Structure formats: structure tokens, C-alpha cells
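Numbering (my numbering), first residue to last: -10 to 46.
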């Protein structure tokens, strides 16, 4: 559980870095959308996993 509590904020940091890269024109809008949507899916999966673990404890 400790790892997941560290991983979640780290994912949010990555999402912010993706936005910064897009705003600074390092990546295209298509790249931004693909990467950001993948990170959002990972966020949903992690939150669901954390919720399931908490329900079992």
C-alpha cells in the first residue's frame, strides 16, 4: 500500500510534466492527447486497485 501512496502523486507529477511539454511545444497535440489519456487510464486503474485493497482490509 505504501508504494501505491507514493505512485499516485508521482503520476500526477507526470501528468503535469506532459502538460508543460505540450505548452512549450515539445510535443504535438496528438501526442499530448494520447499520452495524457493513457495516464488518465492508469490513474483510474490505480484508484480502483487502491479502493479494492482498502475494502479487503
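Every residue gets a Cβ at the ideal spot worked out from N, C-alpha and C, and that includes glycine.
What you are looking at is a predicted structure, and each value in this text was computed from that prediction instead of being measured.
Is the separation between the beta-carbon of residue i and that of residue j shorter than 9 Å?
i	j	result
residue 35	residue -4	yes
Quick check on this structure: which residue in the options has the alpha carbon closest to the alpha carbon of residue i?
i	options	result
residue 32	20, 4, -10	4
residue 27	0, -10, -9	0
Just how far apart, CA to CA, sit residue i and residue j?
i	j	result
residue 25	residue 44	29 Å
residue 14	residue 23	15 Å
residue -9	residue -2	12 Å
residue 30	residue 18	18 Å
Excluding the 5 residues preceding and the 5 following residue i in the sequence, name in chain order all residues of the same chain whose CB lies nearer than 6 Å to its CB.
i	result
residue 39	-7
Whose C-beta lies closer than 7 Å to the C-beta of residue i among residues of the same chain, with five residues either side of it excluded?
i	result
residue 16	10
Excluding five sequence neighbours on each side, which residues of the same chain lie with their C-beta closer than 8 Å to the C-beta of residue i?
i	result
residue 42	-10, -7
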